[in-house]
Amino acid sequence: MFLPPGFEQRSVMTSLGRMVYYTDAGEPWLKDGADNTDKPTLVFIHGFGGGSSAYEWSKVYPAFAAEYRIVAPDLIGWGRSEHPARSYRVEDYLTTIAEFLEQTCQGAVTVIASSLTAAMVIRVAIARPELFQSLILTTPAGLSDFGENYSRSFFAQIVSVPILDRLLYSTGVATSNGIRSFLEQRQFAQPNRIYEEIVAAYLESATQPNAEYAALSFVRGDLCFDLSLYIPQLIVPTAIIWGQKSEFTSPEIGQRFAQINPQAIKIFQSLPEVGLTPQLELPAVTIGLIRQFLPSLTSSVAAVA
């Protein structure tokens, strides 16, 4: 397990199975048997990739545990949550994210999410705005935005071939070298920022039983959609952080999102020499930006109210 001190694993049941999450539950965050229910909640939701899990945010969320109740789930099909043997669709995650928030949070909360999952969170926030106080999103993209179609890419076509897809996963993804290669080529702008614990955590998630089902659904493009079609409907105050070196998703895409709906997207911040996951690549900078954004977004909520 790759849990920060003072955090423990819990779980809730969703319509697709048990979803594990991590929360502050002991020293140094809670003293003398106290609980965290009197603190506002921050929810951290990981993105998708070979071996993704809540670990993705584990270098960031402890920085907020003194002031906030922290909730960081492994989504269905990832990490230590259940891995149903199925082809996953966008609706699976829209449903289970909403179910998770309903069961673990009281009232509207701030959700901090990454990449394709962040794009899905926007759709959940459009459908269920009462669940959200604000959104802070790193590189939210549907991967088929503004008419692009990721599923037609060469790699997506290769992993759509039965048998070959699982062979590629077991030999090219769910290995230490495969994980490191994925991180270097797809997630990090600076490979020297990848250290062994990151590789080990991703490998643990990637080698869980049936882990290939969600991962291959993602790589095939089954979970992609055009986020630009939904952005105009967003009303929850939102801040976006975008790594300028994000693979497949240039900051120009994020800037176009912000221009579509400036009433909801209050802040757009690009980061030079950073890839898809600034929360792993530059966690201290990401923490600083989240701290900067939280009061601005809260004041936006108060102004609307």
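In the numbering used here, the protein residues as written are 36 to 340.
Even for Gly, the Cβ is constructed at its ideal location relative to N, Cα and C.
Under a Cβ-count criterion, where at least 16 other Cβ atoms within 10 Å of its own Cβ denotes burial, should residue i be classed as buried or exposed?
i    : result
S50  : exposed
E247 : buried
T206 : exposed
K94  : buried
G278 : buried
A348 : The question about residue 348 has no answer here: the residues shown for the chain are numbered 36 through 340.
D73  : exposed
E334 : Reading the sequence as shown, one finds Ser at residue 334 and not Glu. Classification of S334: exposed, given that the 10 Å Cβ count is below 16.
E117 : buried
S365 : A query on residue 365 cannot be resolved here, the shown segment of the chain reaching from 36 to 340 and no further.
M48  : exposed
P97  : buried
Nearest to residue i by alpha carbon, out of the options?
i    : options                : result
A162 : G85, Q268, A299        : Q268
G85  : Q141, M155, R255, E134 : R255
I300 : A319, E287, I270       : I270
C259 : A224, G61, S150        : S150
P286 : Y265, I266, L311, V320 : L311
E165 : G41, L38, I325, Q141   : Q141
Y128 : F253, Q222, T174       : F253
Q314 : S281, R291, L332, G41  : S281
F167 : A176, I157, P175       : I157
A249 : S331, V125, W92, R221  : V125
S305 : I276, G182, F328, S169 : I276
I214 : E239, V234, P108, F79  : V234
Could you check the C-alpha separation between residue i and residue j for me, to the nearest Å?
i    : j    : result
S145 : A241 : Residue 145 is actually Thr in this sequence, not Ser. Rounded to the nearest angstrom, the two C-alpha atoms are 28 angstroms apart.
G289 : L218 : 22 angstroms
N71  : I105 : 9 angstroms
P297 : S211 : 42 angstroms
A293 : I302 : 8 angstroms
N245 : I322 : 33 angstroms
P272 : D67  : 36 angstroms
L264 : L38  : 37 angstroms
G112 : Q243 : 9 angstroms
L136 : M54  : 11 angstroms
R291 : V208 : 32 angstroms
V159 : H81  : 15 angstroms
F223 : Q138 : 34 angstroms
A153 : E62  : 30 angstroms
Y237 : S88  : 7 angstroms
D341 : T130 : The shown model of the chain, from 36 to 340, leaves out residue 341, and the question about it has no answer.
W92  : I266 : 25 angstroms
P108 : R121 : 20 angstroms
Pop quiz: residue i and residue j are said to be a contact at Cβ under 8 angstroms. What is the actual Cβ separation, rounded to whole angstroms?
i    : j    : result
L77  : Y103 : 5 angstroms
R228 : E316 : 5 angstroms
A148 : L110 : So it is not a contact: roughly 10 angstroms between Cβ atoms.
G177 : L262 : 4 angstroms
F42  : A60  : 7 angstroms
Legend entry - 3-residue-minimum beta strand (DSSP E) runs that sit fully inside the segment 58 to 128, ordered along the chain: 76 to 80, 104 to 108
Legend entry - Every unbroken beta strand (DSSP E) inside the segment 266 to 326 [3 residues or more]: 273 to 278, 300 to 306
Inset, instruction - Counting only runs of 4+ residues fully inside the segment 196 to 268, write out the alpha helix (DSSP H) ranges in chain order. - result: 199 to 203, 211 to 217, 231 to 241, 246 to 255
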